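Here my numbering is used: the sequence shown runs in plain steps of one and ends on residue 674.
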Amino acid sequence: MRINHNIAALNTYRQLTIGQNAAAKNMERLSSGLRINRAGDDAAGLAISEKMRGQIRGLEMAARNAQDGISLLQTAEGALNETHSILQRMRELAVQAANGTATDADRAALQDELNNLTSEINRIGNTTEFNTQKLLNGGIGSNESAKITQARSASITGTVNFAAQNLSSVNFTAKIKVDNTTFDVTSALKRDWTGKTVDDVINALNEVTSGGTKLSDLVNLEKVTSGGNTHIKFTAKSEGATSSIDIILTGATDDVANVDDVLTTGTTSAVGSPTTMERAGVESALALDKMKVVLGGTIDTDSNATGNQLNFASSGATSNTKSFTINSKKIDLDKNYDSLNNLIADVQSKIDKALGSGKVQVVANSNNDGFDLISLDGADITISNADTGTGLTNGSSIIRTRSSELQILSGDYFEVTVGSDSAVKVNLNTGTDPKKYDVTNADANVAKAEMERFVKDINAALQEAGLSDKVTAALSKDNKLQFISETGKDITINVSSDALKSLGESNFSDVKNVQQVVGPGAQGSGYTTKFQIGANTGQSMSLTINDMRAAALGITGNAGQAGFTSTNTVTNGTNDIKTEAALNISNKEDASRAIVVIDKAIQTVSAERGKLGAVQNRLEHTINNLGTASENLTAAESRIRDVDYALAA
């Protein structure tokens, strides 16, 4: 028998302690409502529970985010609702202004209201915001204004003035004399220039030497473009009025003409400052070998104009035309000419004196090696009785008959490149018979109507080619053809149609300088944001709200641009500075066209509102789904962490 330890008491005490600890834990669970109050209660369960808690709270916040997103969308959509109302009112004004019963004073009042409504659209676009974030200004900085930019000039294949010819087998000599130093440039020029550029010619000439001196040491050669023409400008580096540059070309007539085309790249003047220009030998640089009447009446010649050539030559020539008769009026030319410009000026002056100003216009032809006669009143022009003195020289026909109709032949087409996209071929006539347009009728209304029909057919061809949403054709206020970028990207036009090229020879636009106007979509890239609509990384959705200001909707443009006011009449809505031109409804023609533009703007706003509404509906479904996920995950987490009162009691 052991008397030092009371085993029974120890057992009782141990059991009491266990019971007290269990009772304490149960009281803790009952009082907290949790089965796991510390990691020791259930280490694995605690880890799982905490992960689930993170998911649950993330889902709840995602639902709140989605609700905030709906609020943002409703703010933007509410603003666009007002923009819609304004556009509908603007359309009413345009329809009213297009009515023939409205007077100029009426239209002026209508124009004033339209200007203010357009400014209000800008104000809505520039000031609509949610939590300080601007929603409708295209995402640009708050201090920036809308930018209406001009796209770059179109590049027109086949109309570049540089004559890329093969001179490798041509019989000629060419020298450039700079003061007292003569450079023989024959070998430099006697090569195949096909596919080469003006810069290639300049590089070749710069390397020519004379007595160890390079041509580039004495002369600056540079490419100059003016009036759509490109030529090489020769400028002596030496100072003083006595500095001179003489360009001497010798050889057969046609050969010299070819060399001159390459050397002067489409002009008869390559004069720098100070320089002089001389040509020796048999000359043809100023031979008028492509005179024609373009787009106005017909042209007749009599037997005295044998070969249909009038030759106007400069110093050294053995034969040149001294006079000719136009519409029974004799034109006497009593001097030689050292440039095509001087020839044109003299012929224009004498024709105006003989026939009266405003009857016939004398212009350089597309190759800058002759001139064209344009009948400004649509009347026929007759050329006869050419007095040549020693007879006409051989050469190409200088008189061509040109119908007053613009003709689109079967197979005519042009190519359009938008931005960096591939070129798209646009067929103008897929039939067998020519399409004819009487665009030079003496009746201006008839001519304009025909030009509008022509533009309508171009737009139909653009639509057939799938480009109607990217490029459209239109008429400027002075009846010039222009191509409009609907995306804001640059347009490149590659023309094969002679009819389109001929526009440059009429009173319409020269297609190589075709006006390209940036239209809708050229402003801000859009307000972009993301909604975190999930509990985890990557569970978000993006939203872009496009620029909804006036310029982006296409209802403002540059002052003087076709269809818009001649001066800036629209502000950004937050100040009084007028920076944009509104749609012009001051005449019924422009007002009628404005209806189409406003319809497009309404469609644009409708599309944007529709997109916002669709996103809002999506977010409402998102909220419902998030709620379901959160509810079920909470139930699972509760089974792990919450206490079972029946068991705890």
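We treat Cβ as the ideally placed atom computed from N, Cα and C, and that holds for glycine.
Keep in mind that this is a model prediction, so the values were computed, not measured.
Residue 40 to residue 557 span [Cα, whole Å]: 55 Å
Would DSSP call residue 85 helix, strand or coil? helix
Cβ neighbour criterion (16 or more within 10 Å) applied to residue 311: Because residue 311 carries a pLDDT of 25, less than 50, the predicted location of this residue cannot be relied on, and no value is offered for it.
For the ligand FAD, any of its heavy atoms closer than 7 Å to the Cβ of residue 163? As far as ligands go, the structure on display features none, and thus does not contain the ligand FAD.
Residue 454 vs residue 433 beta-carbon contact at 8 Å: yes
CB residue 443 to CB residue 516, shorter than 8 Å? yes
So residue 441 packs on residue 518, CB below 8 Å; how close in whole Å? 6 Å
Considering only their Cβ atoms, is the gap separating residue 162 from residue 151 smaller than 8 Å? yes
Return the chain-ordered list of same chain residues with a C-beta closer than 7 Å to the C-beta of residue 138, the five sequence neighbours on each side being excluded. 118
With 16 as the cutoff for other CB atoms within 10 Å, does residue 622 come out buried or exposed? buried
Have a look at residue 226 and residue 448 and give me their C-alpha separation to the nearest angstrom. 29 Å
Cα separation between residue 43 and residue 73? 28 Å
Three-state secondary structure assigned by DSSP to residue 571: coil
Between the region 583 to 603 and the region 563 to 572, can you find at least three pairs of beta-carbon atoms closer than 8 Å? no
C-alpha gap between residue 608 and residue 579, whole angstroms: 9 Å
Backbone secondary structure at residue 529 - three-state DSSP: Here residue 529 scores only 36 on pLDDT, less than 50, and its place in the model is too uncertain to base an answer on.
Look up residue 438 in the DSSP assignment and give the residues it is bridged to. 452
Can you grab the Cα-Cα spacing for the pair residue 514 / residue 214, in whole Å? 39 Å
Identify which residue in 552, 589, 64 has its Cα closest to the Cα of residue 620. 589
Please report the residue range of the beta strand (DSSP E) in which residue 356 lies. 354 to 357
In this structure, how does DSSP classify residue 16 when only helix, strand and coil are distinguished? There is simply no residue 16 to check, as the chain begins at 26 and stops at 674 in what is shown.
Would residue 630 and residue 108 be called neighbours here (beta carbons separated by less than 8 Å)? yes
Residue 615 classed as buried or exposed, judged by whether at least 16 other C-beta atoms fall within 10 angstroms: buried
Can you list, in chain order, the residues of its chain with a C-beta nearer than 7 Å to that of residue 68? Leave out the 5 residues immediately preceding and following it. none
Taking the alpha-carbon positions, what's the residue 293 to residue 636 distance? Residue placement at residue 293 cannot be trusted, given a pLDDT of 29 that sits under 50; what the coordinates show is reported in the next sentence. If you take the alpha carbons of residue 293 and residue 636, they lie about 60 Å apart.
Counting only runs that start and end within the region 220 to 246, where is the alpha helix (DSSP H) found for 4 or more residues in a row? 223 to 231, 240 to 243
Mapping the DSSP letters down to three states, classify residue 41 as helix, strand or coil. helix
If you draw a straight line from the alpha carbon of residue 527 to that of residue 483, how long is it in whole angstroms? Any answer about residue 527 is weak, because its pLDDT of 47 lies below 50 and its placement is not dependable; what the coordinates show is given next. Near 15 Å, if we compare the C-alpha coordinates of residue 483 and residue 527.
Specify whether the region 82 to 89 and the region 644 to 654 touch according to this definition: at least 3 beta carbon pairs, one from each stretch, less than 8 Å apart. yes
Within 10 angstroms of the Cβ of residue 143, are there 16 or more other Cβ atoms? Answer buried if so, exposed if not. buried
Going by the CB atoms, is the gap between residue 59 and residue 668 shorter than 8 Å? yes
Quick check: residue 210 and residue 230, are their CB atoms within less than 8 Å of each other? yes
Between residue 133 and residue 617, is the Cβ-Cβ spacing less than 8 Å? no
Counting C-beta neighbours from all protein chains within 10 Å, is the total for residue 153 16 or more, i.e. buried, or is it exposed? buried
Pull up the DSSP beta-bridge partners for residue 498, would you. 508
Endpoints, the beta strand (DSSP E) within which residue 557 is located: 552 to 557
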